[in-house]
Amino acid sequence: MSTEPEQAQSGAPQPQADVRARPAIVVLGSSGLWAAQRIKVLLPEAEIWGQRQRLGEEEAERFFSDALLTLKSLFQSGRPVIAVCAAGIVIRALATSLTDKSQEPPVLAVAEDGSSVVPLLGGHHGANRLAQRLAEGLALHREAGSHAAITTAGDLRLAVALDEPPACWTLANPQDYKAFTAELLSAPKLRLGLLGCGAGADWLHASSLAFEASAPLRVTETLAAGAQGSAQELVYIGRRICLGVGCERNTEPQVLIDFVGAELAGAGLDAHALAGVFSIDLKADEPAVHALAQHFGVAARFFSGAQLETLSAYLRTPSEVVFAETGCHGVAEGAALAASGTTQLQQAKIIGQGRARGCTLAWSFAHQARDPRNPLHDGFSLPGAAQGRLTLVGLGPGGQSWRSHAAQRALDLASDWVGFKMYLDIAAADGPVSAEQHSFAIGEEADRCRYALDLAAQGRDVALVCSGDPGIFAMSALVLQLLDEADNPAWRRIAFAFEPGITAMQGAVARSGALMGHDFCAISLSDLMTPWEQIERRIAAAAVSDFVVSFYNPVSLRRRWQLERAKELLLKARPADTPVVLGHSIGRPEERIQHLTLRELEVEMVDMLTVVCVGAASSRQVVQPSGQTWAYTPRGYKPRLTDDLSPEETA
Ligand code: SAH
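Heads up, the sequence shown is in the numbering used here, so the first residue is 21 and it goes up one at a time.
Okay, here's the thing in structure tokens:
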């Protein structure tokens, strides 16, 4: 990464196709290839992911080096996984990632010889069906056949899991499920009655059930609290209540939660019927609104004042005061209507009392139950925009092994990646990418930051991808400076996060020993944003203070003399044989470490991907018999550590 616009051009965003739905066939070695290739024929949309060390160039479409990490990241990004390996490997890889079974993609383990197909996870989200389909396909090529090891009871004949409805429905009487299915399966004909079920009952229609009003067993959808089902009736709460809320700035979250809880209960509604929490975009960063949504396990979505105003004709309690403040005549009512997609309010605005007097709510029913989940990249299945998020992600200097789990997770969850093309390629090299990628040519970083801020302000979950650490001569500071100077209200409502990365000098020093064993500093030689006189003053100060100094941006295409000048300044205060480490392309395949002395340092030795680490006066080298050289800076000022130690300790 350069902090300089070497070529003043910023590329246009390049959206990418969503790959989330494509199954990944993961193959660990050539013995699994046969099954993988048969599966690929059965599922042409699937992608073969192969272990780089064990497979040839032509044998897979994507390559990885760490199987466990790859299985985990494919799973976390929501892609169906078909792993041609022992089930135990898959279980070990995913064990720590298992959280919400309603959101998990199908995961299958397939024996290398194709004999067994085991749906491990997501049995009710297609894994069982997929396993049966693969086993049937594989059996055509195997004399001994192939078997789908279905372990979930009940649904084999029904082809639907009545105890695991889609996320927009909640089964209110799971205790009756067993008796209900037993009765259903024992009947000569699989028929069900549907009561109050609207368009949201599509998942039932995909089953092998017939629907007849007169059937003795029935399924009911309700919004009411306390609905009692029975062994003859399964009751589902459909998420159809669109709750509109408003509150004063910094309302205590619990106050809003209690207010909403009490009003829903008072109206006899079940909180599981909430489709989401909705408000005006001015409240997109209101902690109480997010706490409310989180409390009820739904998403918070926001509309602009102008969007809400289009519904003013349908408000029951329009207010001029609210209009003057927000640009719409009613926040809670308008948001409820906008969310439900109807023009009818089931509950007009209620203003809170006592501690809740700054809070308002209203609700409207959507025709169809809604998925309440809130990954921001869920295809925006709920109306309105989410609160935008901008995460500054540090990749570290090279590949995935030096990347923090938190940084990887931010990448996995983001709806959009913004960054210099080379960094997006590095980020994408070891795992599947579900995010839309907006790659820029090297150039004006402020443009990249503005672009990322604008995208986040639209409600996207944006990862602004930097090499090394985003806070070290990189974009975190630029983003905050833009935020500080621009006074842009939409930017100010974004949720920011910063995920650190290993910076270039740490990488170079780690590869070459321990040069930062004592006090150190980092200086960028780029005079693009800082006047050279100031840089020179800092180098001189670092020289006389005897800091270990790492120089970032030692050269650029047009700028070459500064390193020579820095060397002169340092030589005034430290010996000519001070160890110097040049770290070239650290963490990348072309990585190279050079040990030399300050006297030997020449500008020709460095390029834009070099970090120059100069030792302090006390720094030295230790060389192993093999020739391996390490540079280090002693921890203290005593000439020799061993002088201090007792004879026992040195023995
Ligand atoms: N945020 C980055 C620094 C960006 S400034 C970080 O924390 O590492 C750009 C400079 O960083 C380059 O000119 C070079 O001096 C250094 N640099 C970045 N990546 C590097 C790498 N992989 N190997 C060596 N130096 C690197």
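All C-beta atoms, glycine included, are put in the ideal place defined by N, C-alpha and C.
- Query: Which one or two residues does DSSP pair with D481 in a beta bridge?
  - Reply: Residue numbering aside, residue 481 sits at position 461 when the sequence shown is read from its first letter. Per DSSP, R409.
- Query: Does DSSP classify F400 as helix, strand or coil?
  - Reply: Taking the first residue of the sequence shown as 1, we reach residue 400 at position 380. Low confidence applies to F400: its pLDDT is 40, below 50, so where it sits in the model is not reliable, and the reading given next is rough at best. Of the three classes helix, strand and coil, the one that applies to F400 here is coil, per DSSP.
- Expressed to the nearest angstrom, what Euclidean distance is found between the alpha-carbon atoms of N394 and A386? As a position in the sequence shown, residue 394 is number 374, starting the count at 1. As a position in the sequence shown, residue 386 is number 366, starting the count at 1. Here N394 scores only 45 on pLDDT, less than 50, and its place in the model should not be relied on; the value that follows carries that caveat. If I take the Cα positions, the gap works out to 18 angstroms.
- Start-to-end residues for the alpha helix (DSSP H) that takes in W511: For this step, residue 511 is matched to residue 491 along the sequence shown. Taken as a continuous stretch (DSSP letters only), the alpha helix (DSSP H) holding W511 covers 509-512.
- Task: Indicate whether L381 and R336 have their beta-carbon atoms separated by less than 8 angstroms.
- Result: Counting from one through the sequence shown, the residue named residue 381 turns up at place 361. Counting from one through the sequence shown, the residue named residue 336 turns up at place 316. No, these two residues do not count as a Cβ contact at 8 angstroms.
- Query: Do H310 and A320 have their C-beta atoms within less than 8 angstroms of each other?
  - Reply: Numbered from 1 along the sequence shown, position 290 holds the residue referred to as residue 310. Numbered from 1 along the sequence shown, position 300 holds the residue referred to as residue 320. The answer is yes: Cβ separation under 8 angstroms.
- Rounded separation between P417 and D507 - CA only: Residue mapping note: residue 417 aligns to position 397 of the sequence shown, counting from 1. Residue mapping note: residue 507 aligns to position 487 of the sequence shown, counting from 1. If you take the alpha carbons of P417 and D507, they lie about 33 angstroms apart.
- Item | Minimum C-alpha distance to T77 - residue among S454, G143, S50 | Residue mapping note: residue 77 aligns to position 57 of the sequence shown, counting from 1. In the sequence under discussion, the amino acid at residue 77 is Glu, which differs from the Thr named in the question. Answer by Cα proximity: S50.
- Hey, how far is the Cα of Q27 from the Cα of P186? Taking the sequence shown and counting its residues from 1, the one referred to as residue 27 is at position 7. Taking the sequence shown and counting its residues from 1, the one referred to as residue 186 is at position 166. Unreliable positioning characterises Q27 in this predicted model, as indicated by a pLDDT of 33, which lies under 50. The coordinate reading is nonetheless provided below. If you take the alpha carbons of Q27 and P186, they lie about 51 angstroms apart.
- Message: Is any non-hydrogen atom of the ligand SAH found closer than 7 angstroms to the C-beta of L498, if you look at the structure I gave you?
- Response: As a first step, residue 498 is located in the sequence shown; it is residue number 478 there, counting from the start. False, no ligand heavy atom lies under 7 angstroms from that Cβ.
- Message: By the three-class DSSP mapping on this structure, what secondary structure does C469 have?
- Response: Stepping through the sequence shown from its first residue, residue 469 is reached at position 449. In the structure shown, C469 sits in a helix (DSSP, three-state: H, G or I).
- Identify, in the order they occur along the chain, each residue of the same chain with its Cβ nearer than 8 angstroms to the Cβ of L118, setting aside the five sequence neighbours on each side. As a working mapping, residue 118 is identified with position 98 in the sequence shown. E124, L141.
- Query: Cα-Cα, which of S234, D133, L215, C267 is closest to L243?
  - Reply: To locate residue 243, count along the sequence shown from 1; it is residue 223. Of the candidates S234, D133, L215, C267, the one whose C-alpha sits nearest the C-alpha of L243 is L215.
- Message: Please identify the residue among A636, L498, Q327, F322 whose C-alpha is closest to the C-alpha of A562.
- Response: As a first step, residue 562 must be located in the sequence shown, where it is residue number 542. Answer by Cα proximity: A636.
- Message: Taking only three categories from DSSP, how would you classify D436?
- Response: The residue you call residue 436 lines up with position 416 of the sequence shown. Three-state DSSP puts D436 in a strand.
- N573 to R390 span [Cα, whole Å]: Looking up residue 573 in the sequence shown gives position 553. Looking up residue 390 in the sequence shown gives position 370. Approximately 51 angstroms, taken between the alpha carbons.
- Message: Once DSSP output is grouped into helix, strand and coil, what is the label at L616?
- Response: As a working mapping, residue 616 is identified with position 596 in the sequence shown. DSSP places L616 in strand when its eight states are reduced to three.
- Among residues of its own chain, excluding the 5 on either side of V138, which ones have a beta-carbon nearer than 6 angstroms to its beta-carbon? Mapped onto the sequence shown, residue 138 falls at position 118. Closer than 6 angstroms at the Cβ level, and outside the excluded window around V138, lie A107, A129, A169.
- Should the stretch 285-295 be called in touch with the stretch 260-277, which here means at least 3 C-beta pairs below 8 angstroms? yes
- Message: Here's the rule: buried if 16 or more other CB atoms are within 10 angstroms of the residue's CB, otherwise exposed. What is P509?
- Response: Within the sequence shown, numbered from 1, the residue matching residue 509 stands at position 489. P509 should be labelled exposed.
- Message: Rounded to whole angstroms, what is the Cα-Cα separation between A586 and I555?
- Response: Here residue 586 corresponds to residue number 566 of the sequence shown, with the count starting at 1. Here residue 555 corresponds to residue number 535 of the sequence shown, with the count starting at 1. Using only the alpha carbons, I get a separation of about 9 angstroms.
- Item | Given A517 as reference, the closest of Q614, A476, Q526, L591 once Cα atoms are compared | Your numbering for residue 517 matches position 497 in the sequence shown. Minimum Cα distance to A517 is reached at A476.
- Message: Under 8 angstroms, with one C-beta from each stretch per pair, do the stretch 536-555 and the stretch 592-608 reach the 3-pair mark?
- Response: no
- Message: On the criterion of 16 or more Cβ atoms from any shown chain inside 10 Å, does S93 qualify as buried, or is it exposed?
- Response: Taking the sequence shown and counting its residues from 1, the one referred to as residue 93 is at position 73. Buried.
- Item | Inter-stretch contact at 8 angstroms, needing at least 3 Cβ pairs: the stretch 263-273 / the stretch 226-241 | no
- Query: Can you give the beta carbon distance from L210 to A230, rounded, assuming they're within the 8 angstroms contact cut?
  - Reply: If you number the sequence shown from 1, residue 210 lands on position 190. If you number the sequence shown from 1, residue 230 lands on position 210. 6 angstroms between Cβ atoms; contact.
- Task: Could you say which of R512, R612, H615, E584 lies nearest to E306 if we only look at CA atoms?
- Result: Numbered from its first residue, the sequence shown carries residue 306 at position 286. Nearest option by C-alpha distance: R512.
- Where does W422 land, buried or exposed, given buried means 16+ other C-beta within 10 angstroms? Along the sequence shown, read from residue 1 onward, the residue named residue 422 stands at position 402. With 16 or more Cβ atoms within 10 Å of its Cβ, W422 is classed as buried.
- Between the stretch 601-612 and the stretch 626-645, do three or more beta carbon pairs fall short of 8 angstroms? yes
- Message: Taking 8 angstroms as the threshold (C-beta atoms), are V485 and V413 in contact?
- Response: Against the sequence shown, residue 413 aligns to sequence position 393. Against the sequence shown, residue 485 aligns to sequence position 465. Yes, the pair counts as a contact, with Cβ atoms nearer than the cut-off.
- Query: Given a threshold of 16 other Cβ atoms within 10 Å of its Cβ, counted over all protein chains shown, does R480 qualify as buried or as exposed?
  - Reply: For this step, residue 480 is matched to residue 460 along the sequence shown. Counting Cβ neighbours within 10 Å, R480 comes out buried, since at least 16 surround it.
- Task: Output the boundary residues of the beta strand (DSSP E) element that contains T653.
- Result: Numbered from its first residue, the sequence shown carries residue 653 at position 633. It is not in any beta strand (DSSP E) - T653 carries neither H nor E in the DSSP assignment.
- Message: the ligand SAH and S51: does the residue's C-beta get closer than 7 angstroms to at least one heavy atom of that ligand?
- Response: Your numbering for residue 51 matches position 31 in the sequence shown. Because no heavy atom of the ligand SAH lies under 7 angstroms away, the Cβ of S51 does not count as near it: no.
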